[in-house]
Amino acid sequence: MKVWLKRIAVIILTVVLLLFVGIFFSLKSSPHIRPLHHMDANSAAENKNIAQRLVKSLKSKKSPILLSVSQKELDGLSALVHRAFPRLISNVFLLENVALIYASLELPLPESIRYLNIEVTLLASEHGLDLDTVYIGAVPLSGNWLVKCVEWLTNTFIKEEFGTSLINMVKRVAIEKQHIDVSIELLADMFKQTQDSKSGLIALRDQLAFYGEVEVIKFYHQTLVDLSSRTPANTSFSYYIGYMFGLAKQRSVVELGASAIEENQAALMALVIHFGSNKFELLVGDIANLSPEQSMQRIKQQSRSTLRQRVDIQKHYVYSIALQLFGNSQTSDAIGELKELLDSNKGGSGFSFADLMADRAGTRLAMLATQSESAARQVQNILTDTQSESQILPKLIGLPESISQQDFESNYRNINSTTYKAMLAVIDERLQQLAVYRIRD
């Protein structure tokens, strides 16, 4: 029995090694595709439409779910993905009964082997998922064989029959020019399994502590709650920034072996949980334990605390800090731009470069405060006990706001235009005037 296990292990290892060797020799010096679409007000609206339909379908709990996506919506997704992850380029083309999917991923490798190029052909099918030949670089692989490999790996390393169940959920794929429909049949006990697995996921979340030690974040959060109880609701957000970084600096010095990065991260996480969404706790852990009076005080502060005398600017700053802590600066910037482009559509408040500056400022603060021990301590030194908004956000004077979609397209076209990039340069230059955003390792 042991001999057979060894032979199977050798076979699997050989296949995996051959696959990696094949991929390595398939790496190219240039991407095989270029970005064809750019984020603008229209693509932002397409992304919103997809998200709304997906959420509506899942909430209905009906089965099968029909996911319908147009070519324009796929183009919008490609633009958003590339903006959030500049190293990844993707294009999807819908033809009659065929979807051609192209992707290029830039890797941190020497120039001659920097790009991994992938081509996938998805076929229309009345019975599940059907992939034609998949090209990884120049290496052709059977698409359905790859699906079987993914199924086996998922069943083996995640949960028995889990991969099989996921793949079997796809019942039908209909592809026309400019449109694709995918029928997905949820497992009969999927919602029950989801509820039953919540406790396990929560335990895993607390054990891994991806976003900082829960007890440390609790300490900062409770300190913030106590501070809030004796602070007017309309106090500038800069006051809380100064107080929390002062506390982080103190703990970085006093606590034996304390990391400035970890203290800053915990302090910022407490701020975004208090001033942001309750749902942030789902990612972090059980942090807040507020009395009814404290909850009311929190709601007042969320709706009255300002930056540059504006509540909306405070919210942009806070949520950008959160996006950076949970993701990265490119994703945070892209989501900020997406939100502003949505605002430029009919019924929105209009595109605002002032909002965008708050987005970029919050992103950079969180990035620098957790980038390295040196940068983390510099942020502490600059912001400790500050009460000046000019330490964290420049004045908003001269930044265009309330820009309609028509005016945006007329004056800036899209986010890759020279005019738009010039406005970003103005914003970044203003940020560079503040000491905290000039920090270098």
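Reading the sequence shown from the start, the letters are residues 65 to 505 in the numbering used here. Every residue, glycine too, gets a C-beta built ideally from N, C-alpha and C. In this text, all values refer to a predicted model and were calculated from it rather than measured experimentally.
**Request:** Tell me, please, which residues DSSP counts as bridged to Tyr199.
**Result:** Glu183, Pro204
**Cβ neighbours of Leu291 in the same chain (closer than 8 Å, five flanking residues each side left out)** = Tyr304, Tyr307
**Asked** Can you tell me the Cα-Cα spacing of Leu371 and Leu158, whole angstroms?
**Response** 46 Å
**Request:** May I have the straight-line CA-CA distance separating Gln378 from Gly310, to the nearest angstrom?
**Result:** 20 Å
**Prompt:** At which residue ranges does the segment 433–457 contain complete alpha helix (DSSP H) runs of 4 or more residues, listed in the order of the chain?
**Reply:** 437–447
**Asked** Tyr166 to Val336, Cα distance in whole Å?
**Response** 38 Å
**Cα-Cα separation, Ile114 to Leu488** = 28 Å
**Request:** Could you have a look at His96 and say whether DSSP puts it in helix, strand or coil?
**Result:** coil
**Request:** Could you name each continuous alpha helix (DSSP H) segment of 4 residues or more that falls completely within the segment 134–178, going from the start of the chain to the end?
**Result:** 135–148
**alpha helix (DSSP H) segment containing His338, residue limits** = 324–339
**Message:** Run through the DSSP bridge pairs and tell me what Glu240 is partnered with.
**Reply:** His243
**Alpha-carbon to alpha-carbon, Arg368 and Gln361** = 10 Å
**Message:** Just to confirm before moving on: does the CB-CB distance between Ser316 and Gln451 stay below 9 Å?
**Reply:** no
**Request:** Leaving out five residues on either side along the sequence, give the residues of the same chain with a beta carbon under 7 Å from the beta carbon of Ala433.
**Result:** Asn328, Leu332, Ala440, Val443
**Message:** Helix, strand or coil, according to DSSP, for Ser132 in the structure here?
**Reply:** strand
**Request:** Mark Ser384 as exposed unless 16 or more other C-beta atoms lie within 10 angstroms of its C-beta, in which case mark it buried.
**Result:** buried
**Prompt:** In whole angstroms, what separates the C-alpha of Phe84 from that of Tyr476?
**Reply:** 44 Å
**Request:** Compare the beta carbon distance of Leu187 and Val198 with 9 Å and say whether it is the shorter of the two.
**Result:** no
**Request:** Rank Pro464, Arg98, Ser189, Ser142 by C-alpha distance to the C-alpha of Val237 and give the top, closest one.
**Result:** Ser189
**Asked** Around the C-beta of Ala499, are 16 or more other C-beta atoms found within 10 angstroms, so that it is buried, or is it exposed?
**Response** exposed
**Prompt:** Between the segment 125–137 and the segment 203–219, are three or more C-beta pairs nearer than 8 Å?
**Reply:** no
**Request:** Please report how far the alpha carbon of Ser438 lies from the alpha carbon of Ile325, in whole angstroms.
**Result:** 9 Å
**Asked** Are Val246 and Gly227 touching if we call contact CB-CB under 9 Å?
**Response** no
**Item:** Chain-order list of residues whose beta-carbon lies under 6 Å from that of Ala297 (same chain, five-residue window excluded)
**Value:** Lys364, Gln365, Arg368
**the segment 464–479 touching the segment 98–108, judged by at least three CB pairs closer than 8 Å** = yes
**Prompt:** Under the three-state reduction of DSSP, which class applies to Ile114: helix, strand or coil?
**Reply:** helix
**Message:** Less than 9 Å between the beta carbons of Leu457 and Ala422, yes or no?
**Reply:** yes
**Message:** Please classify His191 as buried or exposed, where buried requires at least 16 other C-beta atoms within 10 Å of its C-beta.
**Reply:** exposed
**Within-9 Å CB hit, Ile231 to chain B** = Of the protein chains in the structure, only one exists, and it is not chain B.
**Message:** Using CA atoms only, rank isn't needed, just tell me which of Asn445, Thr427, Arg294, Ser436 is closest to Glu357.
**Reply:** Arg294
**Residue from Lys136, Pro150, Tyr284 with nearest C-alpha to Pro99** = Pro150
**Request:** Could you tell me how far apart the beta carbons of Leu420 and Gly400 are, in whole angstroms, since I believe they sit closer than 8 Å?
**Result:** 6 Å
**Request:** Could you tell me how far apart the beta carbons of Leu288 and Ala334 are, in whole angstroms, since I believe they sit closer than 8 Å?
**Result:** 5 Å
**Asked** Which class does Leu193 belong to by DSSP, given the choice of helix, strand or coil?
**Response** coil
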